[in-house]
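Have a look at the structure below before the remarks.
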Amino acid sequence: MSPLSSLESLVLSLVSPTRNDEHLKDELVLHCQDILNSHIGQNHDPDLVHLADSVKRQLLHSSPSGSAYLKFTNLLSRLLDQPVLSRKHASILFLYSLASSSASQASAPSLLPSLVPPPPSQPTTSSTTVDPPVDARCAKSRTKADILREYRTKTGRAIIPEHLLLRDTLYLLQGISGKYVRFSLQDDFENKLVFVEDSKYMISEPVKTLIHRLSEVGYLYTRVETFIREREGAPAVGMIEQSLCHHLQVQLTEYYRLIAVLESQMPAPPKHPTDESEENLSIRQEETGLTLRRLDVWINDWRLRMRMMSVCVEGARDAHGGALVNLIHSYTNNGDPFVRKFTDQLLEEVSKPFFATLHKWLFSGELYDPFNEFFVAMDPSLKHVQYTHPSSLSGGFGQPTGDGGLGSLLMDNEDASDKMENGLQLWQSKYQFQEDMLPMFVGEAFGRKILSTGKSLNFIRYSCHDSDWVATREKMSDSGGTLKYSDINGLERSIDTAYQVASGRLFEVFIDKFKLLDHLKALQNYLLLGHGDFADQLMEALGPSLTRQANTLFRHNLTATLETAIRSSNAQNDPAHVLRRLDSRMLEYTHGEIGWDVFTLEYKVDAPIDTVIDPDSMIKYLKLFSHLWQMKRIEGAMGQGWMRVAGDTRSFLRVPDLEFQWHQIRIVNAEMIHFIRQMQAYCHLEVIECSWKMLVEFLNKKEGDLDTMINAHRAYLDRMVKKVLLLSPKAGREENLLIQVRELFSIILQFREASDNFYNYCLSESVWRDKELDNERGVYTGRGTTSGELPTQLNPVKEYGAQFSEKAQALVHQLQVHPDLDCRFLAVRLSFSEYYRTKKDLGTHKP
Amino acid sequence: MSSREAERVNSAQQTLDILQEISQLLNTRLDRETLTTCVRMIESGVNPEALAAVILELRRESSALNGQDPTFVSR
């Protein structure tokens, strides 16, 4: 069946009269063909889903119960299952079009817009042509704004043309007052804008606000610019500040450039201020030229920048040097990438002088900081030392024969002690760490490292005469690249390397070149009586003369004796530069003191060793020496006494009735010898040697800088002082035990004297008895006299013996509760068989 | 062959039934014969919307000839 015949059958079935009227039928068929050949609705997508949705919507609309809706869904799915139709979509669309147009003609959707008013002969497909612009134009001609403008023109106060305001605003941006808008002059701090309004012109509120916003930049600009100009004029502005100013200046130049560009964009004022031309001009302006709003957009970026600059400037008024860098650095912690970038840039510039100083300091040990901006500051009072010290040092060091002998004069000594002070002072206080100047990105630990590195280099250079090495280092480091802010990791690496190299070198210099270890060993050997043979020789040689009054001693005798002792002991094998420094002298003495009280050995050190072995340590060494020396003396005395009580009494004295007393004395003597031996063993074995071992271990590790070396030595010495002198940490009672020990020492000496007296008595008694016997045998060998006062001779001996025992017991008792473990061990040593405890227990049991 | 033909006719009948039900649901006032003709035309490629327009046009024509029916000629 062709489409034409189908159409004919349609016409016949729908329009019944055509069955009779052939002409009408042909006409209608033709008409229908026209319609079919038109392009109605052919732009629709064949979207079944969308179509089904439309159908459903309509069904819901016509029958809200939903049954039709469900039925349609059901039918649709069944239809889709059917294989026959190839154009289901088209069929549905056909039905839908028919339905929607027949359901309600009024609300028909625009699927068939053109067919409703039917001129049958010309089916139009064009859409309705409405003309909204005409309407809009009509509406626009009477807006509120127009009414307002009309009102204003009526009142005679026109708004100032924008180009005038624009010109003023450009002035404002440079901090200059304009004609219509100007900065108020009477109150600088308040920074008010004043709008000059006259009767002819007025400025509308929004524009005022806009100008206010813009003028903030101008205000900030003024502040920054004032700051820069101030700094330019001021004398002695720090380098960091100068660099800040420079950076700000560069920024301002950028700003000027922007202003210049903006100004070139500014439209020329209208030549003929007639309404018509102005209208045209303003339209043209709106399209191309500069307006206040555009200006605002242009300036926006700069507003933030200016604000930051102004903040920096405000901060820079009080901050100085490193603190300024710090201040700026604190702004870099910002989430805004713009702010961060700006401050990073600023910091990069500003920190350049800082890094230059740092570089110089880190690699050559020179502090070049004319404006005190670096976080390392030089003590101005020690400034000269750097130059005078090495020369005096070379004087002392270069001519070892000059004052190097054993018999140097007292004057030299004082001189040397002066220098010694300088050595440590130089190291410790010449360069000071200034925390507030330290930039935060460096960090405190690194700051300290930097300080230490520079100090070490400085020290190596000027105090150790190793400037060649430093110079080579400097050259090497120069090739390694520069330090800068953006490369913090590299900076830290450089600092670490420099620190290690410098402090390692310093260790090397101290140990290899200046033989620090030799000196420490010598101090231990001589002053702490490490060389036993030397100490014995010295004791033997000096003993007799030291019992005399202090004022009968002469220094030259002492030094001569010292030399004898050295020659006759193993000490002679020590290197000459060590022996040269050893000296003996007398302390300041008062009336009645004997040689034992005032004699002391001395070891002289000079720069730069005196940095480690400073005068304070020397005093401690001397204190230790005097204690150990006294112990040595007691030991010697007890040794002699023992020989007398053990040997001589048996061989020479024949006083049988006094044997018991002698036995008693021997017991006490043995107790004392035990005491003194244990004390000595404790001091030498457990304290001095242990500490020495720790110190040597540290020095062999070669870690840390000179400060750690000084600290290690100080710890070594303090440990010895604390333990040898049995110092307790309790405040006010530090020396309690030491005093007791000294008392014990003096009791021992007194006992020794008393037992000597008793010995003499017994000797004479035995001589008398011999004579008596001789007389009985009839041989006259002279009349002896019996002293007959035995108790008076024996009493002090017993008394001292008892006193000693009691005090030793008290001492042991206190040592047992001493906080220091080593001291408690001494108590164990002293009362090894719990001798003192049992005695004490016995004492408590027996009332 | 004949069974397949019968099946085809049968399914065509079913399809036509469904379409007629939808047509009734949508209140298109098409009888079965017209519907068949229209579907056949659509299947042969006639623009469905244009065909709908033709149907409407013919109805309008018919009513105009049968006497003025205000529901269709208003506006």
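Protein chains in written order, with full-length UniProt numbering: chain A, 1 to 847; chain B, 1 to 75.
Just so it is clear, CB atoms sit at the ideal spot from N, CA and C, and this is done for glycine as well.
Source: prediction; values computed, not measured.
(1) Leaving out the 5 sequence neighbours to the left and right, which residues in its chain are closer than 6 angstroms to serine 408 of chain A when beta-carbon positions are compared?
(2) Within the 8 angstroms Cβ cut-off, does serine 11 of chain B reach chain A?
(3) In chain B, which residues lie with their C-beta within 7 angstroms of the C-beta of arginine 87 of chain A?
(4) For alanine 6 of chain B, return the contacting residues in chain A, with the cut-off set at a CB-CB distance below 9 angstroms.
(5) Taking the alpha-carbon of arginine 213 of chain A as reference, which of A:Leu295, A:Lys515 and A:Glu743 has the nearest alpha-carbon?
(6) Out of curiosity, what's the CA-to-CA distance linking isoleucine 160 of chain A and valine 207 of chain A?
(7) Any chance the region 614–631 of chain A sits against the region 644–664 of chain A, with 3 or more Cβ pairs inside 8 angstroms?
(8) Rounded C-beta distance between lysine 632 of chain A and methionine 539 of chain A? I'm assuming under 8 angstroms.
(9) Please state if the CB of glycine 447 of chain A and the CB of phenylalanine 374 of chain A are separated by a distance shorter than 8 angstroms.
(10) Cβ atoms of serine 429 of chain A and serine 503 of chain A: under 8 angstroms apart, would you say?
(11) Under 7 angstroms Cβ to Cβ from aspartate 415 of chain A, same chain only, skipping five residues before and after it: list those, please.
(12) If you draw a straight line from the alpha carbon of glutamate 492 of chain A to that of proline 439 of chain A, how long is it in whole angstroms?
(13) I want to see whether chain B comes within less than 8 angstroms of alanine 90 of chain A, judged by CB atoms only; does it?
(14) Flag this pair as yes or no: are the beta carbons of leucine 738 of chain A and tyrosine 716 of chain A separated by less than 8 angstroms?
(15) Pop quiz: isoleucine 594 of chain A and threonine 559 of chain A are said to be a contact at Cβ under 8 angstroms. What is the actual Cβ separation, rounded to whole angstroms?
(16) Flag arginine 32 of chain B as yes if its beta-carbon sits less than 8 angstroms from any beta-carbon of chain A, otherwise no.
(17) On the DSSP bridge list, what partners appear for phenylalanine 507 of chain A?
(18) Chain B beta carbons: is any one of them nearer than 8 angstroms to that of histidine 163 of chain A?
(19) Would you kindly report the start and end of the unbroken beta strand (DSSP E) that includes serine 243 of chain A?
(20) Closer than 8 angstroms, CB to CB, is serine 62 of chain B near chain C or not?
(21) Expressed to the nearest angstrom, what Euclidean distance is found between the alpha-carbon atoms of alanine 234 of chain A and cysteine 245 of chain A?
(22) Would you call the region 796–804 of chain A and the region 686–704 of chain A in contact, with 3 or more CB pairs under 8 angstroms?
(23) Counting only runs that start and end within the region 768–830 of chain A, where is the alpha helix (DSSP H) found for 4 or more residues in a row?
(24) According to DSSP, glutamine 432 of chain A sits in a beta bridge with which residue or residues?
(25) Nearest by alpha-carbon distance to leucine 624 of chain A: which of A:Asn525, A:Phe660, A:Val605 and A:Asn573 is it?
(26) Could you give the DSSP three-state label for valine 217 of chain A: helix, strand or coil?
(27) Run the CB neighbour count on methionine 308 of chain A, radius 10 Å, all protein chains shown included, and call it buried at 16 or more, exposed below.
(28) Contact criterion: CB-CB distance below 8 angstroms. Does serine 23 of chain B meet it with respect to chain A?
(29) Rounded to whole angstroms, what is the Cα-Cα separation between phenylalanine 698 of chain A and histidine 663 of chain A?
(30) Just how far apart, CA to CA, sit valine 55 of chain A and leucine 30 of chain B?
(31) Ignore the nearest five residues each way along the sequence and tell me which others in serine 215 of chain A's own chain have a CB closer than 6 angstroms to its CB.
(32) Taking the DSSP output, what are the residues bridged to glutamate 602 of chain A?
(33) Can you tell me the Cα-Cα spacing of histidine 556 of chain A and phenylalanine 675 of chain A, whole angstroms?
(34) Count the other CB atoms, across all protein chains shown, that sit within 10 Å of the CB of leucine 10 of chain A; report buried if there are 16 or more and exposed otherwise.
(35) Below 8 angstroms on the Cβ atoms is my guess for threonine 332 of chain A versus leucine 347 of chain A; work out the distance and round it to an integer in Å.
(36) For isoleucine 299 of chain A, tell me which candidate among A:Pro819, A:Val29, A:Leu210 and A:Leu324 has the shortest Cα-Cα distance.
The short version:
(1) Residue confidence is low: serine 408 of chain A scores 34 on pLDDT, short of 50, so the model does not pin down where it sits. Its coordinate-derived value is still stated next. Hits under 6 angstroms: none found.
(2) Yes, serine 11 of chain B counts as interfacial toward chain A.
(3) By Cβ distance, chain B contributes Ile42 and Glu43.
(4) Neighbours of alanine 6 of chain B in chain A, taken as residues at a C-beta separation under 9 angstroms, are lacking, since the least C-beta distance is about 13 angstroms.
(5) Among A:Leu295, A:Lys515 and A:Glu743, the Cα nearest to that of arginine 213 of chain A is on A:Leu295.
(6) Isoleucine 160 of chain A and valine 207 of chain A have their C-alpha atoms spaced approximately 10 angstroms apart.
(7) No contact exists between the region 614–631 of chain A and the region 644–664 of chain A.
(8) With 8 angstroms as the limit, lysine 632 of chain A and methionine 539 of chain A qualify as a contact, their Cβ atoms being about 6 angstroms apart.
(9) No, these two residues do not count as a Cβ contact at 8 angstroms.
(10) It is not a contact, given that the beta carbons lie outside the stated cut-off.
(11) Per-residue confidence for aspartate 415 of chain A stands at a pLDDT of 41, beneath the threshold of 50, marking its modelled position as unreliable; no derived number is given.
(12) So the alpha carbons of these two residues sit roughly 13 angstroms apart.
(13) Using a Cβ-Cβ cut-off of 8 angstroms, alanine 90 of chain A counts as an interface residue toward chain B, since at least one Cβ of chain B sits closer than that to its own.
(14) No.
(15) Wrong, their Cβ atoms sit about 19 angstroms apart, outside the cutoff.
(16) Not one beta carbon of chain A lies nearer than 8 angstroms to the beta carbon of arginine 32 of chain B.
(17) DSSP, once it has assigned bridges, lists no residue as partnering phenylalanine 507 of chain A.
(18) For histidine 163 of chain A, the answer is no, since every Cβ of chain B falls outside 8 angstroms of its Cβ.
(19) Serine 243 of chain A -> not in any beta strand (DSSP E); alpha helix (DSSP H) instead, spanning 239–265.
(20) Within the model displayed, chain C is absent; protein chains A and B are what it includes.
(21) Taking the straight line from one Cα to the other gives about 12 angstroms.
(22) Flag = no, the region 796–804 of chain A and the region 686–704 of chain A do not touch.
(23) Entirely contained in the region 768–830 of chain A, the alpha helix (DSSP H) runs reaching 4 residues are, in chain order, 790–816 and 821–830.
(24) According to DSSP, glutamine 432 of chain A bridges with A:Ala377.
(25) Comparing Cα-Cα distances from leucine 624 of chain A to each of A:Asn525, A:Phe660, A:Val605 and A:Asn573, the minimum goes to A:Asn525.
(26) Looking at valine 217 of chain A - three-state DSSP - the assignment turns out to be helix.
(27) Within 10 angstroms of the beta-carbon of methionine 308 of chain A lie 16 or more other beta-carbons, which makes it buried.
(28) So yes, serine 23 of chain B belongs to the interface.
(29) Going by the C-alpha atoms only, they are around 51 angstroms apart.
(30) It is roughly 17 angstroms from the alpha-carbon of valine 55 of chain A to the alpha-carbon of leucine 30 of chain B.
(31) Same-chain partners within the cutoff: Leu172 and Leu193.
(32) Secondary-structure assignment with DSSP links glutamate 602 of chain A through a beta bridge to A:Asp583.
(33) In this model, histidine 556 of chain A and phenylalanine 675 of chain A are separated by some 35 angstroms (Cα to Cα).
(34) Leucine 10 of chain A comes out buried.
(35) Between leucine 347 of chain A and threonine 332 of chain A the Cβ distance is about 6 angstroms, and since that is below 8 angstroms, they are a contact.
(36) Taking isoleucine 299 of chain A as reference, the option from A:Pro819, A:Val29, A:Leu210 and A:Leu324 with the minimal CA-CA separation is A:Leu210.
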